[in-house]
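See structure below.
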Amino acid sequence: MKVVPSRSDDLVKPVTSQNPASTIIEIDRVSQVFQTSARKDHLALSDISLTIEEGAFVSILGPSGCGKSTLLYIVGGFVGPTSGAAKMKGQMITGPGPDRGPVFQEFALFPWKTVLGNVMYGPRQQGVRANEAEAQSRALIEMVGLKGYENFYPKELSGGMKQRVALARTLAYHPEVLLMDEPFGALDAHTRTRLQNDLLNIWERDRKTVLFVTHSVDEAVFLSDKVVMMSKSPGRIREVIDIDLPRPRRRNELLLDPRYQKYVVDIERMFDESDDEAGSPL
C-alpha cells in the first residue's frame, strides 16, 4: 500500500472525470451567496467543482462555517446554488428526491411513532404494502443493531440509538446516495466509535455512495476513500486526498497503523499551515 508522502502537495490528486460512467454526483463551479440579517451578501461557497464516483465514501472536512453543510444541502436539493450546477447521474438537481437520503445530527424522528413505525414510514409513503414494508423495516432495524427495540418510542432511546433509527429510516428509502451531516457529532466518544464501525459495516454490504460532512480529521480518514479539504469562509476546495488504507476497517486496528497515523498528522499539518496563512485559529 502507498504511504502518504510527507509533502502536502504530493497528497493531492486532481479531480477528474476519467471514468464518466461511474460518476454519480457532479458539482460544477458552484457558488452560494446568502443574505445576512443586516441584508448584506455573505459568500458561503466559492467556485466549488467536484466529482464523486458511484460507491465511494467521500468526507467533506473543514472548520466551522466553511460551507460544508451548505454544499451537502445543495447536493440534497434543499437549497439551490447561486451559480453553477449540481447533477446526479447527469441530471440537474432541482430539489430533494428519494435517490438521496439525508442523515443529520438532529435525529428528526417522529416522536409519536415507534422505532418500527419510523422506519416503515418511507416505504409506506412509496406505496409498499404494509406487510412487505414491515419485513424490510425489521431487517433494517436488526442490521443497525436495534432488534428488540421495534416498539420503543424515540423518548425511550439514547442518542446513539436514535441515530441508528435515523440511519435505518433513511436506508428504508433505498437511496443511491447517503448525505450525512456530522451525524455523530453530538455523541460521546465511545458511542461515536461504535457507530462509525457500524456505518462502515453497513457500507461494506451495499456500497452506497456516501457524502459525509465532518470537522474531525481522524473521523474523515477512518471512514473515507477520499477527503475533500475545504478552506475557511468563503468555502473553497483546498485539497482532495485519496485515502489508501485497506478495507474492511476497524478503528481499534487502524489506530495502530502508521499509514493511518501519517494521514491524520499530514492533514492536521495542512490545516495548521492554512491557519498560519490566515492569521487566526480554526
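By the UniProt record's numbering, the letter at position 186 of the sequence shown is numbered 186, and the numbering carries on one by one without gaps. The beta-carbon is built from N, C-alpha and C at its ideal position, and this holds for glycine as well.
CA-to-CA distance, residue j to residue i, given in whole angstroms
{"i": "phenylalanine 212", "j": "alanine 85", "result": "20 Å"}
{"i": "leucine 71", "j": "glutamate 219", "result": "19 Å"}
{"i": "alanine 21", "j": "glutamate 156", "result": "For alanine 21, the predicted model reports a pLDDT of 46, less than 50, meaning its position is unreliable and no value from the coordinates is stated."}
{"i": "serine 6", "j": "glutamate 273", "result": "Note that serine 6 has pLDDT 33, beneath the 50 cutoff, so the model's placement of it is unreliable and the number below is only indicative. For serine 6 and glutamate 273, the distance between alpha carbons rounds to 14 Å."}
{"i": "glycine 97", "j": "valine 210", "result": "15 Å"}
{"i": "phenylalanine 107", "j": "arginine 238", "result": "30 Å"}
{"i": "proline 102", "j": "lysine 262", "result": "31 Å"}
{"i": "alanine 135", "j": "serine 37", "result": "48 Å"}
{"i": "phenylalanine 222", "j": "glutamine 126", "result": "34 Å"}
{"i": "proline 234", "j": "alanine 139", "result": "43 Å"}
{"i": "valine 128", "j": "lysine 147", "result": "22 Å"}
{"i": "arginine 39", "j": "isoleucine 74", "result": "22 Å"}
{"i": "lysine 162", "j": "asparagine 197", "result": "16 Å"}
{"i": "arginine 100", "j": "aspartate 266", "result": "32 Å"}
{"i": "tyrosine 149", "j": "glycine 160", "result": "13 Å"}
{"i": "aspartate 181", "j": "aspartate 225", "result": "17 Å"}
{"i": "valine 177", "j": "proline 183", "result": "15 Å"}
{"i": "lysine 68", "j": "leucine 187", "result": "20 Å"}
{"i": "valine 115", "j": "glutamate 132", "result": "16 Å"}
{"i": "glutamate 26", "j": "alanine 130", "result": "36 Å"}
{"i": "tyrosine 153", "j": "lysine 208", "result": "28 Å"}
Span of the alpha helix (DSSP H) around residue i
{"i": "alanine 220", "result": "217-223"}
{"i": "leucine 254", "result": "251-254"}
Unbroken beta strand (DSSP E) run spanning residue i, endpoints
{"i": "arginine 238", "result": "237-242"}
{"i": "leucine 43", "result": "41-53"}
{"i": "arginine 29", "result": "23-35"}
{"i": "leucine 61", "result": "57-61"}
Where residue i falls, given that 16 or more other Cβ within 10 Å makes a residue buried
{"i": "residue 361", "result": "Missing from the structure shown is residue 361; the chain here goes from 1 to 282 and no further."}
{"i": "methionine 92", "result": "exposed"}
{"i": "phenylalanine 110", "result": "exposed"}
{"i": "glutamate 268", "result": "exposed"}
{"i": "leucine 45", "result": "buried"}
{"i": "proline 258", "result": "exposed"}
{"i": "glutamine 35", "result": "exposed"}
{"i": "lysine 89", "result": "exposed"}
{"i": "serine 49", "result": "exposed"}
{"i": "asparagine 29", "result": "Reading the sequence as shown, one finds arginine at residue 29 and not asparagine. It is exposed - the Cβ of arginine 29 has fewer than 16 other Cβ atoms within 10 Å."}
{"i": "asparagine 118", "result": "buried"}
{"i": "alanine 56", "result": "buried"}
{"i": "serine 59", "result": "buried"}
{"i": "leucine 179", "result": "buried"}
{"i": "serine 83", "result": "exposed"}
**Q.** Secondary structure, beta strand (DSSP E): runs of 3+ residues fully inside the segment 137-210
**A.** 177-181
Q. Can at least three beta-carbon pairs, one atom from the segment 112-122 and one from the segment 166-179, be found at a separation below 8 Å?
A. yes
Q) Does the pairing of the segment 196-216 with the segment 234-250 give three or more beta-carbon distances under 8 Å? A) yes
Q: Mind listing, in chain order, the continuous beta strand (DSSP E) runs of no fewer than 3 residues lying wholly within the segment 77-134?
A: 83-88 and 100-104
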